[in-house]
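Chains as they are written, first to last, in the working numbering: chain L, 29 to 209; chain X, 29 to 209.
So this is what it looks like as structure tokens:
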């Protein structure tokens with residue numbers, strides 16, 4: 029079965045953005061090998077707001093070659109957008125009902141792994157329905173004090189540490205699987 | 029100069045306790061070598077509430093030998109308690125005025141390093157006054173969703189990753205120094 033992988037950046041205080049949406053603390057460096065991660069997936073799950081903001085994002089001409097390559101790879105993936113409002117979109121499939129059943133159906137299709145992109149509300153839905161197979165959390169060396177938390181969950185979540193990676197920038201990637209006990 | 033070290037456990041979502049004060053997610057294991065940390069310090073800084081709760085805590089007779097040894101070591105340290113209310117206490121020195129100046133004075137005295145124990149309010153005061161020399165944050169493989177955050181700060185805090193340690197239990201200790209830039 030394909031894995032659904034939550035892969036994102038957080039601050040040291042567990043936030044995915046600041047109170048005004050700030051993500052300027054987020055570091056993207058070559059030694060993170062984000063291209064290898066993108067090689068391992070062929071599908072991306074977005075919430076509607078994240079899709080509209082990032083789903084078809086094209087970096088500026090002045091962006092680095094690495095950034096251009098990463099977004100080019102992202103644009104080549106199959107995209108599903110979870111939204112309460114159905115929409116016809118030439119570049120993505122919108123899902124507005126039976127989320128859990130539809131996710132299970134996609135997960136059981138042949139293919140590479142699936143990147144659960146976000147945002148926060150979609151992540152909460154996936155966590156609370158036990159739909160995340162792997163958590164790849166890149167903890168950045170910055171605390172903001174306030175903002176949007178990654179784990180906006182109503183109950184406790186116990187995980188099992190699977191791996192850690194330390195990057196030159198001081199980012200530490202913590203990789204967990206769900207605790208099935 | 030002696031270092032002031034903030035050493036504590038957090039959940040994966042950056043909390044030091046749950047909404048009802050829960051710390052049952054907190055793991056203490058031999059491979060964490062907490063005894064070595066206690067060897068490296070000779071002084072502990074408490075907030076008043078933390079001191080009253082933990083400053084003279086004696087483990088139950090049924091506690092493990094390791095726990096008994098750790099608390100015995102803790103009891104042997106010199107203790108300072110930061111409180112708005114002055115108090116005479118046979119086992120600790122209370123500090124209620126000129127916090128920053130008094131901390132600088134203690135820090136400049138000869139001795140081993142100093143453990144900034146907590147709670148949250150004292151930690152915030154120390155962070156916001158640039159009085160923390162090292163952050164040792166033991167990230168536990170549990171998210172609670174709500175509780176008391178470690179970083180209850182009003183501005184951004186940028187740190188520099190100095191080291192990481194991974195324990196058998198899945199706890200990852202992240203060690204940072206302040207970013208002096």
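Just so it is clear, CB atoms sit at the ideal spot from N, CA and C, and this is done for glycine as well.
Give me the residue from the options with the minimum Cα distance to residue i.
i, options, result
"residue 73 of chain X", "X/34, X/86, X/91", "X/34"
"residue 50 of chain L", "L/206, L/202, L/190, L/172", "L/172"
"residue 100 of chain L", "L/178, L/112, L/82", "L/82"
"residue 168 of chain L", "L/29, L/30, L/41", "L/41"
"residue 37 of chain X", "X/208, X/106, X/165", "X/165"
"residue 44 of chain X", "X/208, X/205, X/175, X/184", "X/175"
"residue 30 of chain X", "X/179, X/141, X/162, X/153", "X/141"
"residue 190 of chain X", "X/92, X/161, X/104", "X/161"
"residue 112 of chain L", "L/77, L/183, L/68, L/181", "L/77"
"residue 103 of chain L", "L/48, L/155, L/137, L/84", "L/84"
"residue 71 of chain X", "X/139, X/118, X/46", "X/139"
Quick one: residues in its chain with C-beta nearer than 7 Å to the C-beta of residue i, no 5 flanking neighbours on either side, listed in chain order?
i, result
"residue 197 of chain L", "55, 57"
"residue 114 of chain L", "122, 124"
"residue 75 of chain X", "110, 146, 147, 149, 150"
"residue 155 of chain X", "181, 185"
"residue 127 of chain X", "110, 153"
"residue 136 of chain X", "29"
"residue 157 of chain X", "128"
Under a three-way DSSP split, which group does residue i fall into?
i, result
"residue 85 of chain L", "coil"
"residue 180 of chain L", "coil"
"residue 80 of chain L", "helix"
"residue 60 of chain X", "helix"
"residue 162 of chain X", "strand"
"residue 66 of chain X", "helix"
"residue 49 of chain L", "coil"
"residue 193 of chain L", "strand"
"residue 169 of chain L", "coil"
"residue 199 of chain L", "coil"
"residue 55 of chain X", "coil"
"residue 186 of chain L", "strand"
"residue 207 of chain L", "coil"
"residue 40 of chain X", "coil"
Whose C-beta lies closer than 6 Å to the C-beta of residue i among residues of the same chain, with five residues either side of it excluded?
i, result
"residue 59 of chain L", "195, 196"
"residue 95 of chain X", "87"
"residue 200 of chain L", "167, 194"
"residue 163 of chain X", "34, 204"
"residue 131 of chain X", "159"
"residue 79 of chain L", "109"
"residue 46 of chain L", "172, 175"
Since residue i and residue j are thought to touch, with beta carbons under 8 Å apart, how far apart are those beta carbons, to the nearest angstrom?
i, j, result
"residue 32 of chain L", "residue 202 of chain L", "About 17 Å separates the two Cβ atoms, so there is no contact after all."
"residue 178 of chain L", "residue 206 of chain L", "In fact, because the Cβ distance is near 15 Å, the residues do not count as touching under 8 Å."
"residue 119 of chain L", "residue 107 of chain L", "6 Å"
Leaving out five residues on either side along the sequence, give the residues of the same chain with a beta carbon under 8 Å from the beta carbon of residue i.
i, result
"residue 170 of chain X", "39, 40, 53"
"residue 98 of chain L", "56, 62, 63, 66"
"residue 69 of chain X", "33, 105, 140, 141, 142, 143"
"residue 192 of chain X", "200, 201, 202, 203"
"residue 116 of chain L", "122"
Counting only runs that start and end within the region 91-115 of chain L, where is the alpha helix (DSSP H) found for 4 or more residues in a row?
93-103
Just to confirm the assignment: which complete beta strand (DSSP E) runs, minimum length 3, are found wholly within the region 114-158 of chain X?
121-123, 141-146
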